[in-house]
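Enquirer:
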Amino acid sequence: MYIPTLFKEDQLETLHALMQTYNFATLITSDAGTPFATHLPVLLDKTRGPYGTLCAHMARANPQWRHFTTNQAVLLIFQGPHTYISPSWYTSEFSVPTWNYTAVHAYGIPALLEDQTAIQRHLDELVQYQEAAMPKPWTFTWSEPHINLTKAIVAFEIEITSLEGKAKLGQNRSLADRHGVIDALSQATAPEDRAVAALMTAHLPTKATQ
Numbered sequence: 005m006y007i008p009t010l011f012k013e014d015q016l017e018t019l020h021a022l023m024q025t026y027n028f029a030t031l032i033t034s035d036a037g038t039p040f041a042t043h044l045p046v047l048l049d050k051t052r053g054p055y056g057t058l059c060a061h062m063a064r065a066n067p068q069w070r071h072f073t074t075n076q077a078v079l080l081i082f083q084g085p086h087t088y089i090s091p092s093w094y095t096s097e098f099s100v101p102t103w104n105y106t107a108v109h110a111y112g113i114p115a116l117l118e119d120q121t122a123i124q125r126h127l128d129e130l131v132q133y134q135e136a137a138m139p140k141p142w143t144f145t146w147s148e149p150h151i152n153l154t155k156a157i158v159a160f161e162i163e164i165t166s167l168e169g170k171a172k173l174g175q176n177r178s179l180a181d182r183h184g185v186i187d188a189l190s191q192a193t194a195p196e197d198r199a200v201a202a203l204m205t206a207h208l209p210t211k212a213t214q
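The sequence shown begins at 5 in the numbering used here and counts up one residue at a time.
This is the structure we're talking about:
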């Protein structure tokens, strides 16, 4: 991904946080030179590997898992908060519209989970992660019908070999311009806009660095 120096995010803790919060990712592979994409929930294990390990699954009928090879990395894209930025929010006289956003690209080689116990453990952990905030969290009972359903999916793990992070949040603008955008987005009704405003605020320079 193209990342100007000002927008580079390389703090592992920050990258992991985005991947966990926005864990519905896009998996991209190549099929004889043709890109192929699947959108799927992904679980991050921060403790395995230097950058962490990702675990996911897809329908067995999806041909993408057949693209996996032992010598070809795949790409997973995690998209964080993003929104349109209007020039009307700037104090500068000459400005153009833009888009502020955050994203993480994770690379690695997939390995299929063949063991039934490992597949069930992956599904248990994914459901527990997604259900954690529910008033009455649902869990698998692993009756025979549930076990039979696992035959219709392919589960896999990806040890991350490299991570790229980008936080394009107005770092190339003056402080006055950045504050103008933050003020406008903070008053917006869309949660996405307010999330970008919070990230922009967190990326403002401290007095020591101004």
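Yeah, the Cβ is synthetic: ideal placement off N, Cα and C, and Gly gets one too.
Kindly provide the ranges of any alpha helix (DSSP H) runs that are 4 or more residues long and lie completely inside the stretch 107-166, ordered along the chain.
Expert: 120-135, 148-153
Enquirer: Looking at Asn27 and Leu47, is the spacing between their C-beta atoms short of 8 angstroms?
Expert: yes
Enquirer: Would you mind reading off the limits of the alpha helix (DSSP H) that contains Thr25?
Expert: Element bounds for Thr25: 16-25.
Enquirer: Which residue from Pro54, His86, Ala36 puts its Cα closest to that of Ser166?
Expert: Pro54
Enquirer: Applying the criterion that 16 or more other CB atoms from any shown protein chain within 10 Å of the CB defines a buried residue, is Lys140 buried or exposed?
Expert: exposed
Enquirer: Let me confirm a value: Asn104 is counted as buried when at least 16 other C-beta atoms fall within 10 Å, else exposed. Which label applies?
Expert: buried
Enquirer: Have a look at Ala171 and Met5 and give me their C-alpha separation to the nearest angstrom.
Expert: 12 angstroms
Enquirer: What is the DSSP secondary structure of Phe98, counted as helix, strand or coil?
Expert: coil
Enquirer: Grab me the residues of Val108's own chain with a C-beta within less than 6 angstroms of its C-beta, minus the 5 sequence neighbours each way, in chain order.
Expert: Leu19, Leu22, Met23, Phe82, Gly169
Enquirer: For Leu80, I'd like the list of residues in its chain whose CB is within less than 6 angstroms of its CB, leaving aside the five on either flank, ordered along the chain.
Expert: Ala29, Leu31, Ala110
Enquirer: Where do the N-terminal and C-terminal ends of the alpha helix (DSSP H) with Thr205 fall, by residue?
Expert: 195-206
Enquirer: Should Phe160 be listed as close to the ligand FMN, given that the test is whether its C-beta is under 7 angstroms from any heavy atom?
Expert: Only the bare structure without any ligand can be found here, which leaves the ligand FMN out of the picture.
Enquirer: What does Ala29 pair with, by DSSP beta-bridge criteria?
Expert: Leu44
Enquirer: Excluding the five sequence neighbours on either side, which residues of its own chain have a C-beta within less than 6 angstroms of the C-beta of Glu196, listed in chain order?
Expert: Result list for Glu196: Pro85, Thr87, in chain order.
Enquirer: Give every residue of the same chain whose Cβ lies closer than 6 angstroms to the Cβ of Gly41, excluding the five residues on either side of it in the sequence, and list them in chain order.
Expert: Reading off the sequence, residue 41 comes out as Ala, not Gly. Answer for Ala41: Thr30, Ile32, listed in chain order.
Enquirer: Within a Cβ cutoff of 8 angstroms, which residues of the same chain sit near Thr205, ignoring the five residues on either side of it in sequence?
Expert: Ile186
Enquirer: CB-CB under 6 angstroms to Leu130, same chain, minus the five flanking residues each way: which ones, in chain order?
Expert: Leu47
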